[in-house]
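A.B. asks: Residues in the sequence shown are numbered from 3 upward in steps of one, following my numbering.
No residue lacks a Cβ here, since even glycine has one placed at the ideal position from N, Cα and C.
Handing you a structure now.
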Amino acid sequence: MAQRQDSDSVISAGYDAERSISLFETDEPASGIDRVRSAVSLTKEAARAISITAIEAVREGALFMGVIGNRGQLVNPFRHIDAAIWTEPDVPDDMTETAYDYCEELTRREAGNFYHSFKYLQIWSVGR
3 MAQRQDSDSV ISAGYDAERS ISLFETDEPA SGIDRVRSAV SLTKEAARAI
53 SITAIEAVRE GALFMGVIGN RGQLVNPFRH IDAAIWTEPD VPDDMTETAY
103 DYCEELTRRE AGNFYHSFKY LQIWSVGR
């Protein structure tokens, strides 16, 4: 195996493993723009972590309450009730709120399907 030799025309640069390479001196304080850049990247990462955590918390709460199934589908929270057993004034407030929440979430999810079903209807009927 051939050994590598440095010739006189090649300048070799030494590197001290104890020192790091930086574009500016470490003794100088960070400039204003550098502080802003580091704060923005830190804030961006923190906001992403918080939003992911919040979404997981909402999902786990809905799963715990039995409103969604394991795969994210809506589950009927009244499946254990065989028939209406209350007259309207006697319905507990939390039951009414749960019913409204369920209907609102179902409407929100199905609205996207409804919108997309009509979005391409004209294209399909014209091309037919």
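Ala113 to Glu107, Cα distance in whole Å?
C.D. replies: 10 Å
A.B. asks: Enumerate in chain order the residues of its own chain whose CB-to-CB distance from Asn72 is below 8 Å, with the five nearest sequence positions on each side excluded.
C.D. replies: Leu65
A.B. asks: Suppose contacts are defined by Cβ-Cβ distances below 8 Å. Is Tyr104 in contact with Val60 by that definition?
C.D. replies: no
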